[in-house]
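Protein chains in written order, with my numbering: chain A, 26 to 137; chain B, 7 to 119. Here a beta-carbon is modelled for each residue, glycine too, at the ideal position from N, C-alpha and C. Okay, so here's the structure we're looking at.
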């Protein structure tokens, strides 16, 4: 049972390119989340989804797009990558909004 | 908007000594509180959580935390730390009616011999 996986684990891209980070969970959890982790900021919410086809913005959503056509997948797309989007990105899922969130291993993204 | 403050960015401590990691939140409504731990190059995993009931919550690896509503705090404690406890610890809060978990900026616990 894989739980929650992210791909790729490491990514280097250039400014202006489109990048998609993948997230897949095997528990059929309703809620899924994307966070970015930066030194001094902790984890900040980018987007979340309460169910398939239902998504909502977090506190740092500018420059990012998400979709959720299937319960188990929640891809995050950087439409035109900028250097300020260099970060570690974590996907998480939970059965309900107040319940424990289970985190993936993270994707380290470097934008040159 | 809810917020979480972890005043200590780094806490060095000797092995077998007790430790307390501080967490304060700002919310006047009902809250649900969490402590997560992140080991190097890994994702976060839950240590413990307070949803309701007893204000003293016990978690994994010998950690515990106490919810203090009057002081809006949820400090994490362990009576005797081990080298393996070296990690970053995050406090997080979600309000009763909210959908979003708000994290503190984290406390790096470094256990030394």
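Residue 32 (chain B) - containing beta strand (DSSP E), residue span: 30-32
Simplified DSSP state of residue 83 (chain B), which is helix, strand or coil: strand
Own chain partners of residue 108 (chain B) with C-beta closer than 6 Å, once the 5 adjacent residues on each side are dropped: 8, 10, 99
Distance cut-off 6 Å: residue 16 (chain B) Cβ against heavy atoms of the ligand ZN: With respect to the ligand ZN, the structure shown offers nothing to examine, as it has no ligands at all.
Assigned secondary structure, residue 110 (chain A) (DSSP; H/G/I helix, E/B strand, else coil): helix
CA-to-CA distance, residue 99 (chain A) to residue 47 (chain A), given in whole angstroms: 7 Å
Sequence-distant residues of its chain with Cβ nearer than 8 Å to residue 39 (chain A) (five each side left out): 106, 136, 137
DSSP bridge partner residues for residue 14 (chain B) (one or two, in chain order): None; residue 14 (chain B) has no bridge partner.
Selected residue, minimal CA-CA separation from residue 18 (chain B), among B:30, B:55, B:93, B:103: B:93
Terminal residues of the beta strand (DSSP E) in which residue 16 (chain A) lies: Residue numbering for chain A in the displayed model covers 26 to 137; residue 16 (chain A) lies beyond these limits and cannot be assessed.
CB contact check: residue 68 (chain B) to chain A, cutoff 7 Å: no
CB of residue 97 (chain B) within 7 Å of CB of residue 44 (chain B), strictly: no
Residue 59 (chain B) versus B:15, B:68, B:74, B:66, residue with shortest Cα-Cα distance: B:74
Cα-Cα separation between residue 119 (chain B) and residue 44 (chain A), rounded to whole angstroms: 43 Å
Closest Cα partner of residue 69 (chain A) within the set A:110, A:79, A:50: A:110
Best match in A:75, A:113, A:65 for proximity to residue 57 (chain A) [C-alpha to C-alpha]: A:75
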